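Once you know that position 541 of the sequence shown is 542 in the working numbering, the rest is easy, because the numbers rise by one and skip nothing. Built from N, CA and C at the ideal position, the CB exists for glycine as well. Computed from a predicted model, the values in this text were never measured in an experiment.
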Amino acid sequence: MPEQDEFLSFLDEGKQSPASPGGVTERSWQVLIVDDDLDVHTTTEFALGDVIIQGRRLEFLHAYSSREALQLLRQEAHVAVILLDVVMETEDAGLRIVRVIREELGLMHTRIILRTGQPGYAPEIDTINRYDINDYKTKSELIRNKLYTTLTTAIRSYDQLCRLDASRHGLEQIVAASNQFIVKQGLQAFAEGVITQIAGFAGIEPEGLICVSTHLTSAADNSALNFYPIITAATGRYRHLIQHQLIEIDDARIVEHFTRCLNERRNLIDECSLTLFFAGHEGQDFAAFVDSALPLRKLDQHLLEVFCVNIALCADNVALVSRLQEYAFVDRLVRLPNRQAFINLIDQRLKERACNQWVIALIDVDQFTEVNDMLGHDYGDRLLGAIARRLEQPPLDRCLIARVTGDKFGVFGEEGVVQPDVLQSILTAPFEIDGGEHAVSISAGFVQLGEDSRCGEELIKDASIALKHAKSNGFGQVAYYSDSVGTEIRERTRLLHDLRWAFNHHHLFVVYQPQVSLHDGAVTGVEALLRWRTEDGQFVSPDRFIPVAERSGLIVSLGDWVLRTALHAVTRLRAAGHDRLRMAVNVS
Numbered sequence: 002m003p004e005q006d007e008f009l010s011f012l013d014e015g016k017q018s019p020a021s022p023g024g025v026t027e028r029s030w031q032v033l034i035v036d037d038d039l040d041v042h043t044t045t046e047f048a049l050g051d052v053i054i055q056g057r058r059l060e061f062l063h064a065y066s067s068r069e070a071l072q073l074l075r076q077e078a079h080v081a082v083i084l085l086d087v088v089m090e091t092e093d094a095g096l097r098i099v100r101v102i103r104e105e106l107g108l109m110h111t112r113i114i115l116r117t118g119q120p121g122y123a124p125e126i127d128t129i130n131r132y133d134i135n136d137y138k139t140k141s142e143l144i145r146n147k148l149y150t151t152l153t154t155a156i157r158s159y160d161q162l163c164r165l166d167a168s169r170h171g172l173e174q175i176v177a178a179s180n181q182f183i184v185k186q187g188l189q190a191f192a193e194g195v196i197t198q199i200a201g202f203a204g205i206e207p208e209g210l211i212c213v214s215t216h217l218t219s220a221a222d223n224s225a226l227n228f229y230p231i232i233t234a235a236t237g238r239y240r241h242l243i244q245h246q247l248i249e250i251d252d253a254r255i256v257e258h259f260t261r262c263l264n265e266r267r268n269l270i271d272e273c274s275l276t277l278f279f280a281g282h283e284g285q286d287f288a289a290f291v292d293s294a295l296p297l298r299k300l301d302q303h304l305l306e307v308f309c310v311n312i313a314l315c316a317d318n319v320a321l322v323s324r325l326q327e328y329a330f331v332d333r334l335v336r337l338p339n340r341q342a343f344i345n346l347i348d349q350r351l352k353e354r355a356c357n358q359w360v361i362a363l364i365d366v367d368q369f370t371e372v373n374d375m376l377g378h379d380y381g382d383r384l385l386g387a388i389a390r391r392l393e394q395p396p397l398d399r400c401l402i403a404r405v406t407g408d409k410f411g412v413f414g415e416e417g418v419v420q421p422d423v424l425q426s427i428l429t430a431p432f433e434i435d436g437g438e439h440a441v442s443i444s445a446g447f448v449q450l451g452e453d454s455r456c457g458e459e460l461i462k463d464a465s466i467a468l469k470h471a472k473s474n475g476f477g478q479v480a481y482y483s484d485s486v487g488t489e490i491r492e493r494t495r496l497l498h499d500l501r502w503a504f505n506h507h508h509l510f511v512v513y514q515p516q517v518s519l520h521d522g523a524v525t526g527v528e529a530l531l532r533w534r535t536e537d538g539q540f541v542s543p544d545r546f547i548p549v550a551e552r553s554g555l556i557v558s559l560g561d562w563v564l565r566t567a568l569h570a571v572t573r574l575r576a577a578g579h580d581r582l583r584m585a586v587n588v589s
């Protein structure tokens, strides 16, 4: 961060618009004369017509009754001083409208100087105590010098109150901006919010503002750093330049302001423009340009510095939140949305009711585990990345692609696009990995969305069920989810769960079926057979649970246990004298 005394930089006088002579600004102080005597209006304006106070001329407004005064004040909200006569259409007409000015119109900063031509008619001490007026004068004592002194004091007080109020309002804006930016999603939304906040802070419409971020990269000779400003948000006539480079703006003045602001890392203030610098981390600095058709009001430099520092901190927080969201919802290996992001986007579509007749496909790379085992995980990772890039090509570029888990990818899109033949045609061509070609086979499960579609998580479960059904028929197969397929897979899953539990809790046992010689009826051997009896005493047929065990891989553990049990049994039989008895065990 630059030093405080260097943070604000005013452009050279030669580049500013010419000012009024004598250091007088274009703006003026409004002074309202309320009196039913025309001569009072004429003499007051004649006496003070060429006076300059606090660098501004005076602009006189005239009212000849309390009713006219209130009418005018309802239209003019920036009157600095009111020279108010006490006696007009009634004896206390001037006093009566003081409360209306303060309480109903809310003009708390306007200074009210009460003038009376009848000394003692309105007692000074009592009037000051009872009414919110700022001075009390008789007309006879307000000669030119005293009138100038009184008016100068009142205007200085009004200016100080306005500055204090602007500072308070500025601090409120900074706090409000911080709260608003907490919920901003992404840096582009943040940049658009910055534009709005700067416009409010400067008191202008958010028109013709540009927010530019910079990315620092090393120069070819490593001697310096190059700036590549990108327009991240814009309004008005610059909106079409979003995501373009700064040099594409055809206004040399704006380009110069941005370049100087970013290079010097400081704010630049011109009469009709404001270029603010916001320091970020790791070269992620950005600047915002405010272009106004009218001269900007004078800004509190300290508040402006606080505003810039605060927004810069907010930018860091938004960048951090964006990074956390990326970690939470983006698969870093293949740079695709992950399972949770896939579910969220499906849910969003369902809420919008914009996905009727859409299809979810869950794609599994056949024998990917074997690829990892034989060729290494790095090779497998590159293969997954190549598959991800292939899935992003037309016509699937109109779909949502995600890496759901491991070697499984999700595709969510219109029914006419997410079709088995489309997926097969896209992934059939071999992938070039490490200079060689690698062909893959895929299995896929599909689920079609309808009017009664549930949440995204349930739909992915249905697609997983269809995928399991497809893989049960071999490699390279596809299947669509249906109620019957769901029932079959869920029954198979429940059966596998119960089978694992029964195996772990010793509810499986082996029976031995004798093998008898047809020649003499002698027992020549036995066959070991696996049986399952549930807790309620019911038997589960082997033709139901053996296929489930084979598909799940549990058959290996079951086979090992059956073989060991049979060997122990044949050992006991031979110890009992049955030396020639053979034991048969079917191995899957």
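Measuring only the C-alpha atoms, how far is residue i from residue j?
i	j	result
V195	M89	52 angstroms
D37	L84	12 angstroms
R103	M109	6 angstroms
I427	I364	12 angstroms
E416	N587	47 angstroms
C163	A403	56 angstroms
E306	A313	11 angstroms
A64	I34	6 angstroms
V517	G437	59 angstroms
E92	S67	11 angstroms
K552	P543	Note that residue 552 corresponds to Arg in the displayed sequence, not to Lys. Each residue's alpha carbon lies about 14 angstroms from the other.
A570	G522	22 angstroms
L564	S558	10 angstroms
R573	Q539	29 angstroms
L392	A440	15 angstroms
I232	V310	21 angstroms
D166	Q394	58 angstroms
L346	P338	10 angstroms
R75	L106	7 angstroms
D133	I114	10 angstroms
H245	Q285	17 angstroms
A585	V512	12 angstroms
H508	D537	11 angstroms
D382	N373	9 angstroms
T429	S442	8 angstroms
With a Cβ-Cβ cutoff of 8 angstroms, do residue i and residue j count as a contact?
i	j	result
R532	F504	no
V87	A155	no
R350	V405	no
L62	V80	yes
W30	L73	no
V423	A389	no
R116	K140	yes
L460	N357	no
S274	S293	yes
A464	V486	no
V256	I199	no
Among residues of its own chain, excluding the 5 on either side of residue i, which ones have a beta-carbon nearer than 6 angstroms to its beta-carbon?
i	result
K469	I490
A480	G446, A467, H470, A471
A342	F330
V419	V360, A362, V412
T45	I34
R145	A48
Give me, in chain order, the residues of the same chain whose beta-carbon lies closer than 7 angstroms to that of residue i; leave out the 5 immediate sequence neighbours on both sides.
i	result
Q514	V527, E528, L530
L385	L334, V335, D408
V25	With a pLDDT of only 45 at V25, under the threshold of 50, the placement of this residue in the model should not be trusted, and no figure is reported.
R493	V549
D590	This structure does not reach residue 590, given that the chain is present from 2 up to 589, and the question cannot be answered.
Return the chain-ordered list of same chain residues with a C-beta closer than 8 angstroms to the C-beta of residue i, the five sequence neighbours on each side being excluded.
i	result
I444	Position check: residue 444 holds Ser in this sequence, whereas Ile was assumed. The residues are I364, D365, D367, L468, A471, K472, F476, G477, Q478, V479.
C400	V412, F413, G414, E415, V418, V419
H378	none
Residue i and residue j look like a contact to me (Cβ under 8 angstroms); what is the Cβ gap, rounded to whole Å?
i	j	result
L1	F546	Lying outside 2 to 589, the shown extent of the chain, residue 1 is not represented and no answer is given.
A263	A235	The question names Ala, but residue 263 in the sequence shown is Leu. Actually they do not touch by this definition, with Cβ atoms about 16 angstroms apart.
G457	I344	4 angstroms
N135	R112	5 angstroms
D435	Y380	7 angstroms
A70	I98	6 angstroms
Going by the C-beta, is residue i closer than 7 angstroms to any heavy atom of the ligand MG?
i	result
V563	Looking at this structure, you won't find the ligand MG or any other ligand, since it has none at all.
request  = Could you pull out every unbroken beta strand (DSSP E) segment of at least 3 residues lying fully inside the region 59-100, listed in chain order?
outcome  = 80-86
key: Contiguous alpha helix (DSSP H) assignments of at least 4 residues, all confined to the region 386-441   = 421-429
task = Tell me the start and end of each unbroken alpha helix (DSSP H) in the region 531-587 that is at least 4 residues and wholly inside, in chain order.
result = List check, alpha helix (DSSP H) in window: 543-553, 555-576.
request  = May I have a chain-ordered list of the alpha helix (DSSP H) segments no shorter than 4 residues that lie completely inside the region 264-352?
outcome  = Runs found: 302-330.
ask   = Which runs of the alpha helix (DSSP H), 4 residues or longer, sit entirely within the region 455-488?
value = 457-472
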